[in-house]
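K.L.:
Using the numbering used here, you'd call the opening residue of the sequence shown number 281 and step up by one each time.
Below is one structure. I have some questions about it.
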Amino acid sequence: MKRALSIIGLVLVGLLAVLWFSSRAATRPAIIGIVQFVHQPLLDETHRGLIAELNRLGLNDGKRYIARTQVADKSFDSSAQIIRQFLNDQSVLVIAIATPAAQAAAAQTTRIPIVFAAITDPVAAKLVNSLEHPGKNLTGDRKSTRLNSSHANIS
């Protein structure tokens, strides 16, 4: 339960971007791409909480939005391939679970928002300039995945 509540911030960060993209006339649901680096209990728990929150917010309703999850099986190259597929599918938001997945996402795009989760040190991983001012199209928080209102600015 605590994990699900902490993930609320993650989802809300991307919500602004998703709403902006979805305000355009669309004939198909907007895609939220989720890449998880590997099946592992903490990462699986993060993913479950994230999906539950997307469902609660109506962001996985199959009409306006569809969340698609792919697991990279511990492969950076697979992570990159998954991200490229999300980009080809015109995903409006990418959520990356674990450092290598976030690094792969950052290497693939600077044009759509990326929200990262379950990352020990995003600054050391060279994902963001700082947690307070990411300076890129990425946002998120450390391993706990707790976010606050300062993460709503994805710039």
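Heads up, the beta-carbon is just placed ideally off N, CA and C, and yes, glycines get one too.
When the distance is taken between beta carbons, is Thr326 closer than 8 Å to Ala381?
P.N.:
Position 101 of the sequence shown, counting from 1, holds the residue named residue 381. Position 46 of the sequence shown, counting from 1, holds the residue named residue 326. Result no, Cβ atoms of Ala381 and Thr326 do not sit closer than 8 Å.
K.L.:
To the nearest angstrom, how far is it from the Cα of Ser429 to the Cα of Asp357?
P.N.:
The count along the sequence shown starts at 1 and reaches residue 429 at position 149. The count along the sequence shown starts at 1 and reaches residue 357 at position 77. Because Ser429 carries a pLDDT of 36, less than 50, the predicted location of this residue cannot be relied on, and the following value inherits that uncertainty. Taking the straight line joining both Cα atoms gives about 33 Å.
K.L.:
Does Asp421 pass the burial test, meaning 16 or more other C-beta atoms within 10 Å, or should it be called exposed?
P.N.:
As a working mapping, residue 421 is identified with position 141 in the sequence shown. Its Cβ being crowded by 16 or more others within 10 Å, Asp421 is buried.
K.L.:
On the three-pair Cβ rule with 8 Å, is the stretch 312-330 touching the stretch 360-378?
P.N.:
Yes: at least three Cβ pairs fall under 8 Å.
K.L.:
Report buried or exposed for Ser410, applying the criterion of at least 16 other Cβ atoms within 10 angstroms of its Cβ.
P.N.:
Indexing the sequence shown from 1 puts residue 410 at position 130. By the neighbour-count rule (16 or more Cβ atoms within 10 Å), Ser410 is not buried but exposed.
K.L.:
What residues are listed by DSSP as bridge partners for Thr349?
P.N.:
For the purposes of this step, residue 349 is taken as residue 69 along the sequence shown, with counting starting at 1. Beta-bridge pairing links Thr349 to Ile314.
K.L.:
Between Thr349 and Gln316, what straight-line distance do the alpha-carbon atoms span, to the nearest angstrom?
P.N.:
Taking the sequence shown and counting its residues from 1, the one referred to as residue 349 is at position 69. Taking the sequence shown and counting its residues from 1, the one referred to as residue 316 is at position 36. Computed Cα separation, rounded: 7 Å.
K.L.:
Can you tell me the Cα-Cα spacing of Pro414 and Thr307, whole angstroms?
P.N.:
Position 134 of the sequence shown, counting from 1, holds the residue named residue 414. Position 27 of the sequence shown, counting from 1, holds the residue named residue 307. Each residue's Cα considered, the two are about 33 Å apart.
K.L.:
Count the other C-beta atoms from every protein chain shown that fall within 10 angstroms of the C-beta of Gly460, then say buried if there are 16 or more, exposed otherwise.
P.N.:
Residue 460 lies beyond the residue range present for the chain, which begins at 281 and ends at 435; the question has no answer from this structure.
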